[in-house]
Structure formats: structure tokens, C-alpha cells
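Engineer:
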Amino acid sequence: MKLEIEIPYDQKVFVPGEVISGRCVWQLDKIPDSLQLSLLWLAKGRDRNDTELVATEYLKASASGEQTFSFELPSQPLSFRGNLLRLGWMLELVSDGGKFCRYEFELSATGEPLILKKADVAGRKKPWFRMKSR
Numbered sequence: 002m003k004l005e006i007e008i009p010y011d012q013k014v015f016v017p018g019e020v021i022s023g024r025c026v027w028q029l030d031k032i033p034d035s036l037q038l039s040l041l042w043l044a045k046g047r048d049r050n051d052t053e054l055v056a057t058e059y060l061k062a063s064a065s066g067e068q069t070f071s072f073e074l075p076s077q078p079l080s081f082r083g084n085l086l087r088l089g090w091m092l093e094l095v096s097d098g099g100k101f102c103r104y105e106f107e108l109s110a111t112g113e114p115l116i117l118k119k120a121d122v123a124g125r126k127k128p129w130f131r132m133k134s135r
């Protein structure tokens with residue numbers, strides 16, 4: 002059994018509005034009921050994971066084959082990595098019986114992954130935020 006998502010030059014960072022394209026290749030033991038490629042983002046935190054489906058393309062179901070695809074990437078949400086939370090993008094190729102493969106990538110306005118660092122508040126007398134009293 003083989004499920005693959007191939008992206009030219011194994012590109013891992015894309016900018017909003019760019020088109021992500023490539024091809025899906027599969028070789029299965031039998032003809033699946035369905036074969037689909039999805040574009041989605043995933044936010045992972047300590048206690049919670051959120052997934053949002055952005056687009057899906059249904060592929061011609063056959064025991065083996067290949068098919069090209071392309072998705073125009075949205076303007077948001079942008080990818081980031083921090084100590085408590087991470088948001089990333091992926092393509093997911095899914096077949097019957099829970100068989101799948103994923104291709105993870107970053108969506109960044111600068112073309113570079115955004116890394117959130119812990120704020121340095123040492124020496125500050127006032128908090129960096131203010132709460133309004135009622």
C-alpha cells in the first residue's frame with residue numbers, strides 16, 4: 002500500500018494567495034470507496050487541538066494511480082510556533098479504512114516561519130497590558 006503527496010522541490014513555506022500544487026500517488030490493495038485530498042490548518046496546544054477544513058478535492062477512486070492538484074492558499078490564519086500553541090497547515094490524502102498521508106507546511110506573509118518567543122518583561126514596573134475597571 003502506498004499513499005504519497007508530492008510537492009515540487011519539497012517546498013515547506015508558502016505565502017498567502019500562492020498556489021500550492023503537486024500530485025498524489027497511490028497504490029492500494031483494492032479500489033477504495035473514496036479517495037480525497039484536503040487542505041486544512043491545525044492548532045495544537047497543551048489541552049486542545051483545533052482543525053479547520055479549508056478545501057477538499059475528490060480524486061478518481063482506483064486501486065492505483067496519480068493525479069495532479071492545486072489549491073489557492075487563503076490569507077489567514079498564518080502559521081506560528083510558540084511555547085504554548087502552534088498553528089500549521091497540511092494537505093491530507095485519505096483513503097478507506099483510515100489510511101492517510103500528510104504533507105505539513107507553513108503559511109507565512111514573510112516567507113519564513115513565525116516563531117513566538119516569550120516576552121522579556123524583566124525590569125518593567127508596569128504590566129504590558131492594562132485591564133479596564135468597571
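Using my numbering, the letters of the sequence shown correspond one by one to residues 2 to 135. Even for Gly, the Cβ is constructed at its ideal location relative to N, Cα and C.
1) Three Cβ pairs or more, each shorter than 8 Å: is that satisfied between the segment 32-51 and the segment 95-107?
2) Note down the Cα distance separating lysine 61 from glycine 18, rounded to an integer number of angstroms.
3) Contact defined as beta carbons within less than 8 Å: I believe arginine 87 pairs with lysine 118. What is the distance between those atoms, to the nearest angstrom?
4) Based on the DSSP output, what are the partners of lysine 3 in its beta bridges?
5) Please classify glycine 99 as buried or exposed, where buried requires at least 16 other C-beta atoms within 10 Å of its C-beta.
6) Do glycine 83 and glutamate 107 come within 9 Å of each other at the CB atom, strictly closer than that value?
7) Assuming contact is defined by CB atoms lying nearer than 9 Å, are leucine 85 and serine 109 in contact in what I supplied?
8) Strictly by DSSP, which residues pair up with glycine 66?
9) Near proline 114, which residues of its chain fall below 7 Å by C-beta distance, leaving aside the five closest residues on each side in sequence?
10) Between isoleucine 21 and phenylalanine 72, how many whole angstroms is the CB-CB distance? I'm expecting something under 8 Å.
11) So, at 6 Å on beta carbons, what are the nonlocal neighbours of serine 65 in its own chain, with the 5 sequence-adjacent residues on each side left out?
Structural biologist: According to the data block:
1) yes
2) Translated into the one-based positions of the sequence shown, residue 61 becomes position 60. Translated into the one-based positions of the sequence shown, residue 18 becomes position 17. Taking the straight line joining both Cα atoms gives about 27 Å.
3) Here the question's residue 87 lines up with position 86 in the sequence shown. Here the question's residue 118 lines up with position 117 in the sequence shown. The Cβ separation is near 14 Å, so there is no contact.
4) Within the sequence shown, the letter at position 2 stands for residue 3. According to DSSP, lysine 3 bridges with Gln28.
5) As a first step, residue 99 is located in the sequence shown; it is residue number 98 there, counting from the start. Answer is exposed; the Cβ neighbour count stays below 16.
6) The residue labelled residue 107 in the question sits at position 106 within the sequence shown. The residue labelled residue 83 in the question sits at position 82 within the sequence shown. Result no, Cβ atoms of glutamate 107 and glycine 83 do not sit closer than 9 Å.
7) Sequence index remark: in the sequence shown, residue 85 carries index 84 (1-based). Sequence index remark: in the sequence shown, residue 109 carries index 108 (1-based). No, the Cβ-Cβ distance between leucine 85 and serine 109 is not below 9 Å.
8) For this step, residue 66 is matched to residue 65 along the sequence shown. Answer is Trp27.
9) Indexing the sequence shown from 1 puts residue 114 at position 113. So the qualifying residues of the chain are Val14, Ser80, Arg82, Glu107.
10) Taking the sequence shown and counting its residues from 1, one reaches residue 21 at position 20. Taking the sequence shown and counting its residues from 1, one reaches residue 72 at position 71. Between phenylalanine 72 and isoleucine 21 the Cβ distance is about 5 Å, and since that is below 8 Å, they are a contact.
11) Position 64 of the sequence shown, counted from the start, is the residue given in the question as residue 65. For serine 65, where only same-chain residues beyond five positions count, the Cβ hits under 6 Å are Gln28.
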